[in-house]
Amino acid sequence: MDVFDEYFLELINSLHANQVEYIFVGGLATNLNGYSRFTSDVDIWLKDEPENRKRLRKSLREIELGDLPMIETIDFIPGWSAISLNSGVELDIMTNLLGLEEHSFDEVYKLCPTAEIYSVKVKFLHINFLIENKKKVNRDKDKIDVANLERIKKESENNSEKK
Numbered sequence: 005m006d007v008f009d010e011y012f013l014e015l016i017n018s019l020h021a022n023q024v025e026y027i028f029v030g031g032l033a034t035n036l037n038g039y040s041r042f043t044s045d046v047d048i049w050l051k052d053e054p055e056n057r058k059r060l061r062k063s064l065r066e067i068e069l070g071d072l073p074m075i076e077t078i079d080f081i082p083g084w085s086a087i088s089l090n091s092g093v094e095l096d097i098m099t100n101l102l103g104l105e106e107h108s109f110d111e112v113y114k115l116c117p118t119a120e121i122y123s124v125k126v127k128f129l130h131i132n133f134l135i136e137n138k139k140k141v142n143r144d145k146d147k148i149d150v151a152n153l154e155r156i157k158k159e160s161e162n163n164s165e166k167k
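Sequential numbering from 5 applies to the sequence shown in this note's numbering.
Given below as structure tokens:
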């Protein structure tokens, strides 16, 4: 499934326009960190503040996913509180990440790399935090991701030392 379809682009444009604070995590962050693999959903870590939730609600309404008042109060549970985008891609929203309980959203956000997706700048989880998260989640696909992300990290460190 192509997560970079027109509906995904509508989503990131709307999130950006409404100044929603979030970080791409999961498979998309894995891809953006250099390990390309299939992902069937889009995972975001949402800064859990009332005003940010209101901005998210507005963004979803603007891209015609309906007015979802529960966005402002729901306990987001990874894998259980996903929203289906118009393309069928699932948007999985979380307000905390396994393995990163001792880090605030703001602390992690400051260290996030930025990618440009069709002229929209987006933040994605730093490779170190992504590895911590995936080690804690520990599904088979996460174990594969960890091995590849650690390889990428080591190669990057080796290249930095050579300069």
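Even glycine gets a Cβ: it sits at the ideal position worked out from N, Cα and C.
Closest residue to residue i among the options (Cα-Cα distance)
{"i": "Leu-134", "options": "Lys-58, Val-124, Leu-102", "result": "Leu-102"}
{"i": "Gly-83", "options": "Lys-62, Val-29, Tyr-39, Tyr-122", "result": "Val-29"}
{"i": "Leu-69", "options": "Ser-164, Gly-92, Asn-100", "result": "Gly-92"}
{"i": "Arg-143", "options": "Gly-31, Ile-121, Glu-14", "result": "Gly-31"}
{"i": "Glu-105", "options": "Glu-136, Lys-125, Ile-131", "result": "Glu-136"}
{"i": "Leu-15", "options": "Leu-72, Val-124, Ser-44, Arg-57", "result": "Val-124"}
{"i": "Asn-100", "options": "Met-74, Thr-43, Phe-80, Glu-161", "result": "Phe-80"}
{"i": "Ile-27", "options": "Phe-42, Asp-9, Val-46", "result": "Val-46"}
{"i": "Asn-4", "options": "Ser-85, Ser-160, Glu-120", "result": "Only positions 5 to 167 of the chain appear in the structure, and residue 4 is not among them; the question remains open."}
{"i": "Glu-154", "options": "Glu-76, His-130, Cys-116", "result": "His-130"}
Cutoff 8 Å; reference residue i; Cβ partners in own chain excluding five residues on either side
{"i": "Asn-22", "result": "Arg-59, Leu-60, Lys-62, Ser-63, Glu-66"}
Buried or exposed (CB count within 10 angstroms, at least 16 for buried), residue i
{"i": "Asp-96", "result": "buried"}
{"i": "Thr-118", "result": "exposed"}
{"i": "Tyr-122", "result": "exposed"}
{"i": "Asp-146", "result": "buried"}
{"i": "Phe-128", "result": "buried"}
{"i": "Ile-78", "result": "exposed"}
{"i": "Leu-36", "result": "buried"}
{"i": "Asn-56", "result": "buried"}
{"i": "Met-98", "result": "buried"}
Residues near residue i by beta carbon distance below 6 Å, same chain, minus five either side
{"i": "Asn-90", "result": "Tyr-11"}
{"i": "Asp-149", "result": "Thr-34, Lys-138"}
{"i": "Asn-152", "result": "Tyr-39"}
{"i": "Lys-140", "result": "Leu-102, Gly-103"}
{"i": "Ser-18", "result": "Ser-63, Glu-66, Ile-67"}
Cut-off 7 Å between Cβ atoms - residues of its own chain near residue i, not counting five sequence neighbours on either side
{"i": "Ser-88", "result": "Glu-94"}
{"i": "Met-5", "result": "Confidence is the limiting factor: at Met-5 the pLDDT is only 47, short of 50, which leaves the residue's position unreliable and the question unanswerable from this model."}
Check your understanding: Given 8 Å as the limit, is there contact between the segment 94-113 and the segment 46-62, that is, 3 or more CB pairs closer than that?
Key -> yes
| query | In the segment 50-136, which residue ranges form an unbroken alpha helix (DSSP H) of at least 4 residues, counting only runs that do not cross its ends? | reply | 54-66, 109-115
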